[in-house]
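So the sequence shown is residues 826 to 1139, counted in the working numbering. Glycine is no exception: its CB is placed at the ideal position from the N, C-alpha and C atoms.
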Amino acid sequence: MVNDHLITTQKTKQYIGRFAPSPSGPLHFGSLVAALASYLDARANNGQWLLRIEDLDPPREPVGAADNIIHQLESLGLLWDGEVLFQSKRIEAYYSALTELATEGLCFRCFCSRQDVRATKNKYNGKCRANGLSARDLQYPINEYPGTSIRIRTDSKTVSFEDTILGSFRSQLSESGGDFVIRRKDGMVAYQLAVVIDDAWQGVTNVVRGVDLLSSTPKQRYLQTVLGLAQPTYTHTPIVTDTNGTKLSKQTFASAIDPAEAFPLLFRALTMLGQSPPKQRVFSRSPRSLLRWAIDHWELQSVPKLAKIAVDSA
């Protein structure tokens, strides 16, 4: 069954891409590389490029972070189509999906802690499967079941998909983590479910993102299958690391993008994506001119087939 809350009414086959940062801090250079790849692939295919703010973790979201991200993208010339979608406004749709999964008998309450799962080498052992979960259970406040998450059953399902850059992938969910969380212990819907619901609702056809999210793709494809949702094409690009091989991230306090340095940042990001822009003086240091060139000359297959690229290696 496909719930009306889950899908967009848009029936077009037009390319629709998206960039979906979490507002846990400002964009850094690694974020820019991911955003630029997504943006260029959409624009080069005459497609739409959407912006979604994945603000489902309030304790980790500094005040003003979402507005800062929006301003950074505008300053870089990475302009999106339509309104910005905030996941915090979509809770009803996520719970509608949870209700559907519960009705189908596909999920259950779990009392296991992260420490419990780590003890089994980060592979869930099915300890709480017998708990079950009904649609009626979801009507109770979170404090009726303190300290419980909700997991979806994966059984021995195998998920296969083709990555545009990296090729074929095949994952048996029971061996790569097992039943996974779709609602956290704090009552908030988990990343995997929210992303799937929003991609379907927005009509996303192509997901271009960092390879650090490659392990999430089988879970998301599985959710799309059980919910009867369309499955986008996936492309995973290298993540950017420092010279020690550590991923640039907000958690490691990577430096925020300086809008005043838009041109050199975009030029550098293009080279890290395997593109070959002419010498900088050709563009008179104009970000707009550089982006126009990049759209016209975008070569997805030139993106390095690597998991990581160090900042100074391009």
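About 6 Å separates the beta carbon of Tyr-949 from that of Gly-1002, a gap short enough to meet the 8 Å contact definition. The C-alpha of Cys-935 is placed about 31 Å away from the C-alpha of Val-1029. Using a Cβ distance threshold of 7 Å, Ile-878 and Pro-851 do not count as a contacting pair.
Non-local beta-carbon contacts of Arg-978 in its own chain, meaning distances under 6 Å to residues more than five positions away in sequence, involve Leu-931, Asp-1004 in chain order.
For Asp-1004, the three-state secondary structure derived from DSSP is coil. Between Ala-1132 and Thr-1068, the gap from beta carbon to beta carbon reaches 7 Å or more. Counting along the chain, the unbroken beta strand (DSSP E) around Thr-1058 starts and ends at 1058-1062. Residue pairing by DSSP leaves Arg-1009 without any beta bridge partner. Using a 10 angstroms sphere on the CB of Thr-1096, the tally of other CB atoms stays under 16, which defines it as exposed. The beta carbon of Asn-893 sits closer than 6 Å to those of Pro-851, all from its chain and outside the five residues before and after it, given in chain order.
Counting only runs of 3 or more residues that sit fully inside the stretch 912-953, the beta strand (DSSP E) segments are 932-935, in chain order.
Taking a contact to require three or more Cβ pairs closer than 8 Å, the stretch 951-966 and the stretch 981-996 do not qualify as touching.
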